[in-house]
Every structure is written in C-alpha cells, then in structure tokens.
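First up is the structure itself, then whatever we jot down about it.
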C-alpha cells in the first residue's frame, strides 16, 4: 500500500472497549472526557510512532472530516473566527473537506491546509477531494459518524484502525449499528499491521 | 515469548465491536447467537492460522476456564454425563481447571485432558494449575468474567487478544467495567502481533 494509490482510506483510533471519543465533548475536551488518551501513541515521547508509520497511517492528498472533528460549533457558523483545533498551521498540509449542513467560505491556513465546507454530503466531499487529490490517497479522518457513512455507502477501500491499549468506559462507539462479516454485505480483511509499543494499527481491506 | 515460560496468559477472541460472546447463550449456541463466527479464524479453510501460531496463542501446560466455557449447566451438576463441548478427545491435552461453585469429581478424557472442578476461586485454580504445569505456561482460556477476575486480581502476565474482523451487535463485552491505562493501576503494553488474513492476534504485556 502506498499513500498515493488513489484509495479512500479511513483512519481512526479506538480504545480496547470500542470508543473513538469519550463522553461529554466540549471546547476544552474536544474528544470527550479522557479522549485525548486515545492519541497518546501520536505524541508519546517514550514510545513514539515512527514518522514513516504516521505518514503511512495518516497521510493523504486530500482529507475529508466530519464537522465535530473540525470544531465544537453546532448549527450556523456564528463565529467565523473558528479555524479548527490546530492553530494557524494545521498538520494536514492539503485541502481538507469538512462535512457540514451550513455553507461557509473556504479558510486558507498556513502550510498548505485549506478548509473547504461541503454541504452536499459524503458524495460531494469525495468528488471534490478526488478532483484535487491528483490520483493520491483520500483520507477520511473521522469522526465515527463520518466513517460509518462511508462504510455504509460502499465508498471506503481501507480502514486503518489504531487500537490504543486503554479503556474509556463511556463515549462514542465506532461500530454501533455496523454489520460486518457473516451475512452482511461488507467484510473487513486484515491486510497489514503496524506495531508499536504505544498502539497497534491494523490495515483492513474493505471487501464488498 | 515461549509457551513454556511459566507465565499466566489469557487468550480470548473479540469482535471489532468488543463482544467475546453473542447474546442468548444456549446448548445449541454455546457462544451465543452468531458467536461461533468469532472463531472462524481457527477453523477457516481458506485462511488457516498456522499450527505454530495457534500453538503459540492457545498452548499451555495447564488450562483454567470459567464454567460457562465448559458447559451450559448452571447450579448443581445434575447431569454428570456432561463432559464439555469437545467430545471424547478435547483439544487441550493437559489438565483443565474449571471454575465452579459446585464440587464434582475429576473427569478424565482421551488424549491427556482431565477436567478438574475448582470451588475455591481463581487463586485455588492458579495454585493447582501451577502445581501440575511444571514451570510451563498457565493458559486462562476465558470466558470474559474469568479473564476480568484474573486482571482485577493482578494475576495475569499476558493477554492475547484475537480480533475477529466482524461485528456481533450484542452479547457479552470483555472490557465492561475494566479500567486500563490513565490513572488505572493496570496498563496493557502491546508486545507482539501475529497477523493472519482471518484475524489479528495482539500479545499484551500486563503492567502493574
């Protein structure tokens, strides 16, 4: 697998008890209570994931994300000052398509990241991402609802599930209501694993 | 890691949505509805796990298991004819210590398996398993409640979590009520992964 292979790849981190966010998401706790512990594998000083692995897992020529991933604001964009959680130079460095019900002008950031706001759902977001990705990987960067929508629509080629070796006890579950294997039309097939002492990253092929 | 290293190793298979058994366990469905799909990785003809891997994962010089793993009978042993789910020659080939509240004479099977019934809880089971294991691995072979008891008591050295690429939607969750990482006294550290197209097996070191 190469990051420029034109596939649609969802990347999300889950706890061992199946949560991709803790309960009670707020401005101070964008991932919910305890949710920041999910991503210790990205920031661990004692057990850092290699740059090669993080590029392989998180890389993309264009990114699609749900609105909650972009910010805590619901409803209309009453505050156009909000430009995401990541400061002036977000870590994407590519166009990012944010799913929303409320139109907003694009926001250009430093370092090559531009946030585009898509009101036409995942199909429109995917078409626009493909148009700018130049044959490169489209990264579906959560949250849970966005990943489930892509899975249900048959638009996902790969799922990279990063398993943090923690439990959260409550929050949002990735696979609630998702049927995989058995009589379901969608199966996941483990393709490859990236190991690290801080987390385990399983690359699944989505087979329909 | 070697299977004869004297460690206490729990082995259990989970679905992606966190279930180690489906709902409504019965005599016909010992793992609950759909639960037999969890173990397709063991029996898959198209993607068989290698014997080396299954020995590494499932091997042990003595086995401890919960009563539900042994049979569907609850309460007194009204029917001494029940000798486990596995027929006359069970796949263990070593002494198996079954946790129960109800005493029963040992049952010797073909192939080296003898079922011993332990009424003194996990500590007694572990002491008796150690006494016969001759320094070899003690395998804690489920179910969820038994694995949780060993974790909570600080008696587990390793957890081998086999992740089947399916969802079950309902059933018994392994990690319900289990605190791992963060401020919890117990952490899991990924040590090694056995990959296979049918399942992913993560070996965790249990750190206290």
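Residue numbers (our numbering), protein chains in the order written: chain A, 1 to 208; chain B, 209 to 416. Virtual Cβ for every residue (Gly too), placed ideally from N, Cα, C. Values in this document were obtained by computation on a predicted structure and should not be read as measured data.
{"Item": "Under 9 Å, Cβ to Cβ, is there at least one residue of chain B near residue 1 of chain A?", "Value": "Because the pLDDT of residue 1 of chain A is 49, which lies under 50, any placement of that residue in the model is unreliable, and the question is left without a value."}
{"Item": "At a Cβ threshold of 9 Å, is residue 192 of chain A touching chain B?", "Value": "yes"}
{"Item": "For the beta strand (DSSP E) containing residue 195 of chain A, name the first residue and the last one.", "Value": "187 to 195"}
{"Item": "Is the CB of residue 416 of chain B under 9 Å away from at least one CB in chain D?", "Value": "In summary, chain D is missing from the structure at hand, where the protein chains are A and B."}
{"Item": "Under a CB-based cut-off of 9 Å, is residue 350 of chain B close to chain A?", "Value": "no"}
{"Item": "Measure the CB-CB distance between residue 144 of chain A and residue 174 of chain A and report whether it falls below 9 Å.", "Value": "yes"}
{"Item": "Buried or exposed for residue 323 of chain B, please, with buried defined as at least 16 other CB atoms from any protein chain shown within 10 angstroms of its CB.", "Value": "buried"}
{"Item": "Ignore the nearest five residues each way along the sequence and tell me which others in residue 408 of chain B's own chain have a CB closer than 6 Å to its CB.", "Value": "371"}
{"Item": "Leaving out five residues before and five after residue 67 of chain A in sequence, what residues of the same chain have Cβ atoms less than 7 Å from its Cβ?", "Value": "98, 99 and 100"}
{"Item": "Should residue 85 of chain A be listed as close to the ligand GTP, given that the test is whether its C-beta is under 8 Å from any heavy atom?", "Value": "Absence of the ligand GTP is noted for the structure shown, with no ligands found whatsoever."}
{"Item": "Closer than 9 Å, Cβ to any Cβ of chain B: which residues of the stretch 174 to 191 of chain A, in chain order?", "Value": "174, 175, 176, 177, 178, 179, 180, 181, 182, 184, 187, 188, 189, 190 and 191"}
{"Item": "Do you know offhand how far residue 225 of chain B's Cα is from residue 18 of chain A's?", "Value": "6 Å"}
{"Item": "Helix, strand or coil for residue 175 of chain A? Go by DSSP, reduced to three states.", "Value": "coil"}
{"Item": "Check whether the stretch 126 to 136 of chain A and the stretch 62 to 81 of chain A touch, using three or more Cβ-Cβ pairs below 8 Å as the test.", "Value": "yes"}
{"Item": "What does residue 357 of chain B pair with, by DSSP beta-bridge criteria?", "Value": "Partner(s): none; residue 357 of chain B has no beta bridge."}
{"Item": "Are the beta-carbon atoms of residue 211 of chain A and residue 111 of chain A separated by less than 9 Å?", "Value": "Coverage of chain A is limited to positions 1 through 208, which leaves residue 211 of chain A absent and any answer about it impossible."}
{"Item": "To the nearest angstrom, how far is the alpha carbon of residue 205 of chain A from that of residue 295 of chain B?", "Value": "37 Å"}
{"Item": "Residue ranges of each beta strand (DSSP E) run of no fewer than 3 residues wholly in the stretch 71 to 157 of chain A, ordered along the chain?", "Value": "95 to 99, 114 to 118 and 138 to 140"}
{"Item": "Assign residue 85 of chain A to one of two classes, buried (16 or more other C-beta atoms within 10 Å of its C-beta) or exposed (fewer than that).", "Value": "exposed"}
{"Item": "Which residues in the same chain have their Cβ closer than 8 Å to the Cβ of residue 366 of chain B, if we skip the five residues on either side of it in sequence?", "Value": "209, 215, 216, 217, 218, 399, 411, 412, 413 and 414"}
{"Item": "So, under 8 Å CB-CB, residue 228 of chain B and residue 380 of chain B are touching, yes? Tell me the CB distance rounded to an integer number of Å.", "Value": "6 Å"}
{"Item": "Please report whether the beta-carbon of residue 24 of chain A lies at a distance below 9 Å from any beta-carbon of chain B.", "Value": "no"}
{"Item": "I need the DSSP call for residue 263 of chain B, collapsed to helix, strand or coil.", "Value": "helix"}
{"Item": "Can you find a CB in chain B that lies within less than 9 Å of the CB of residue 74 of chain A?", "Value": "no"}
{"Item": "Spatial neighbours of residue 155 of chain A within its chain, please: C-beta separation below 7 Å, excluding the five flanking residues on both sides.", "Value": "8, 122 and 126"}
{"Item": "My assumption, with CB atoms under 8 Å, is that residue 119 of chain A sits in contact with residue 103 of chain A. Please give the rounded CB distance.", "Value": "5 Å"}
{"Item": "Using the Cα positions of residue 42 of chain A and residue 238 of chain B, report the straight-line distance between them to the nearest angstrom.", "Value": "40 Å"}
{"Item": "List the residues of chain A that residue 245 of chain B touches, going by C-beta distances under 7 Å, in chain order.", "Value": "181 and 182"}
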